[in-house]
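**Q** Once you've had a glance at the structure underneath, I'll fire off some questions.
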Amino acid sequence: MASLKYIVLLTLAVLCGTNFCHGTQCKLVFHDCGSKEGTLNSALFNGTCSSEGHALLKQGTTVSIEFNFQAAKTETKLTSKVAGKIGELPFVPFPLGNPDACKDSGLTCPVPANTNVNYQPVLEILKSYPKVNVIVKWQLQNAEGVDVFCAVIPASITD
Ligand SMILES: *[C@@H]1O[C@H](CO)[C@@H](O)[C@H](O)[C@H]1NC(C)=O
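Numbering (mature numbering (1 follows the signal peptide of the UniProt record, and there is no 0)), first residue to last: -23 to -1, 1 to 136.
Next up, the structure:
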């Protein structure tokens, strides 16, 4: 039995060494909610996903989502607007620490037209957040307040 345990631990150690444990990303399921001046191609989450591809937001952790999108025209200013919906309640704004997508989030602005770029915002999942299923609405808006992308992302807050 002891040797079996050793083999399991060794396997885990090897997998972790090959970036299996850290730095992996899961592909989030999302629905478009009215992108007007661009397209969201994919959303990769650096935490754990459920089998359905929903983000599991663990309380007390810092997570990031890598949005790969393209803008229909050159954009000089991009701002994130995030809201959450629990059950039948309406969407409630979720204040971001850094809503400026052109600052400290992997993007270089101006963002050129029709070019795939990565935007990687960071989110703090506070311990005080309730353990609920939440529908996250993420809008990336340009200087005119028009959605470059709008995505609805199902998630769960877990402990
Ligand atoms: C996910 O990214 C955030 C922000 O860069 C980082 O603090 C966190 O440790 C990362 N999580 C994992 C599991 O790599």
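Just so you know, even glycine gets a beta-carbon here, dropped at the ideal spot from N, CA and C.
Does the Cβ of Leu103 have 16 or more other Cβ atoms within 10 Å, making it buried, or fewer, making it exposed?
**A** Classification of Leu103: exposed, given that the 10 Å Cβ count is below 16.
**Q** Assign Lys50 to one of two classes, buried (16 or more other C-beta atoms within 10 Å of its C-beta) or exposed (fewer than that).
**A** Its Cβ having fewer than 16 others within 10 Å, Lys50 is exposed.
**Q** Regarding Gly24 and ligand 1, is the C-beta to nearest heavy atom distance less than 7 Å?
**A** Yes, the beta carbon of Gly24 sits closer than 7 Å to at least one heavy atom of ligand 1.
**Q** Are the CB atoms of Glu43 and Leu21 within a distance shorter than 8 Å?
**A** Against a cut-off of 8 Å, the Cβ pair of Glu43 and Leu21 comes out as a contact.
**Q** Ligand 1 heavy atoms versus the CB of Thr39: any closer than 7 Å?
**A** It does: the Cβ of Thr39 is within 7 Å (strictly closer) of some heavy atom of ligand 1.
**Q** For Cys(-3) and Asn23, I'd like the C-alpha separation in whole angstroms.
**A** Model confidence at Cys(-3) stands at a pLDDT of 47, short of 50, so the residue's coordinates are unreliable and nothing is read from them.
**Q** Out of curiosity, what's the CA-to-CA distance linking Thr92 and Ala48?
**A** Thr92 and Ala48: Cα-Cα distance of roughly 7 Å.
**Q** Output the boundary residues of the beta strand (DSSP E) element that contains Ala128.
**A** Here the beta strand (DSSP E) through Ala128 covers Asp124 to Thr135.
**Q** Quick one: is Lys13 buried, meaning 16 or more other Cβ sit within 10 Å of its Cβ, or exposed?
**A** Lys13 should be labelled exposed.
**Q** Taking the alpha carbon of Lys80 as the point to measure from, which residue in Leu33, Pro72, Val99 and Ala128 has its own alpha carbon closest?
**A** Taking only the C-alpha atoms, the option nearest Lys80 is Val99.
**Q** Shortest alpha-carbon distance to Gly15 belongs to which of Asn119, Gln2 and Ile130?
**A** The candidate whose alpha carbon is nearest that of Gly15 is Asn119.
**Q** Are the Cβ atoms of Val129 and His31 separated by less than 8 Å?
**A** No, the pair does not count as a contact, with Cβ atoms beyond the cut-off.
**Q** Of all the options Ser82, Gln116 and Gln36, which has the alpha carbon lying nearest to the alpha carbon of Ser105?
**A** Cα-wise, what sits closest to Ser105 is Gln36.
**Q** What is the DSSP secondary structure of Thr25, reduced to helix, strand or coil?
**A** Thr25: strand per DSSP, three-state reduction.
**Q** So, with DSSP's three-state summary, where would you put Val6?
**A** Residue state, collapsed to three classes: coil.
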